[in-house]
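All remarks here apply to the structure that follows.
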Amino acid sequence: MEKDQLKEINQKLDILLENVNQQRLKSEVVEDLISDMSLIGKDAFQTSVDMLDEQGIELDGEAIQHMVFKLLKNLNNFSMILNMFESMVDLMKDLSPVVKQVGLDTIDKFHEFDQKGYFEFFAEALKIIDNIVAHYTTEDVRALADNIVTIMDTVKNLTQPDMMKAMDNALAIYKNLDPTHVPEYSLWRVMKELNTPEMKRGFGFVITFIKSLTPVIEEEKTKSNT
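If you're matching positions, the sequence shown starts at 802 in this note's numbering and goes up one per residue.
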């Protein structure tokens, strides 16, 4: 019984000694690694110092320390910036097909405008602007700007349905007149025609128009004099 216990104890001691030996070997390896890294670090540091010295650059230890502390202090900010950059990259990836499609649609639309002659139209329209600039002064354009409301009101009134119908009727009548076959009127016939209801209404229209226009002209003269 005692022999078995001694044997078991010896086995445990052997295992313990083996573990201790393994730990020692590992410690030696770590120490050798640290020593090698220390030598490499010192050599790299010395090489960096020599290179900086050759370039005439002096290092301020306090400044470097302050910079390191500042970098460590702003790690969260740098992390936030990197996250924003990653989000922007992801957004660009998501928008890339949309942007590509928009570009293709824009090209197609410009091609459609070109086929319909929009660009040629605008090119010719620029010639109109060139002619306006060549024939009118800045004062003319300023006067146009001052009176644009009145001009637009006039155009608006002229384009009312009743005015357009009246002008269309007048143009149709003029178009149907043949200057080479206009009948001749003697003075007596003119006097006779003046007495017809149509001529009386015509003269009545002209006289009424002139009488209605006169106060407007007088008002405009008063405004211009003041």
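Even glycine gets a Cβ: it sits at the ideal position worked out from N, Cα and C.
Pick out the complete alpha helix (DSSP H) segments inside the region 838-920, 4 residues or longer, and give them in chain order. 862-874, 876-917
For the alpha helix (DSSP H) containing Leu978, list its first residue and its last residue. Run containing Leu978: none; DSSP gives neither H nor E here.
Proximity of Asn970 and Met964 at Cβ, strictly below 8 Å: no
If you draw a straight line from the alpha carbon of Ala946 to that of Ala935, how long is it in whole angstroms? 18 Å
How many angstroms separate the CA atom of Ile949 from the CA atom of Lys1022? 20 Å
Element boundaries [alpha helix (DSSP H), containing Glu985]: Here Glu985 belongs to no alpha helix (DSSP H), and DSSP marks it neither H nor E.
From what residue to what residue does the alpha helix (DSSP H) around Thr960 run? Where Thr960 is concerned, there is no enclosing alpha helix (DSSP H), given that its DSSP letter is neither H nor E.
Could you give the first and the last residue of the continuous alpha helix (DSSP H) run that contains Thr939? 939-947
Give a single yes or no on whether Asp915 has its beta carbon closer than 7 Å to a heavy atom of the ligand MN. Of the ligands one can find in the structure shown there are none, so the ligand MN has no counterpart to examine.
Neighbourhood of Phe914 by C-beta, 7 Å cutoff - its chain only, sequence neighbours within 5 removed: Phe920
Just the C-alpha distance for Ser1013 and Lys976, rounded to the nearest angstrom, thanks. 30 Å
Could you round the C-beta distance between Tyr986 and Glu999 to whole angstroms and report it? I think they count as a contact, below 8 Å. About 14 Å; that fails the 8 Å criterion.
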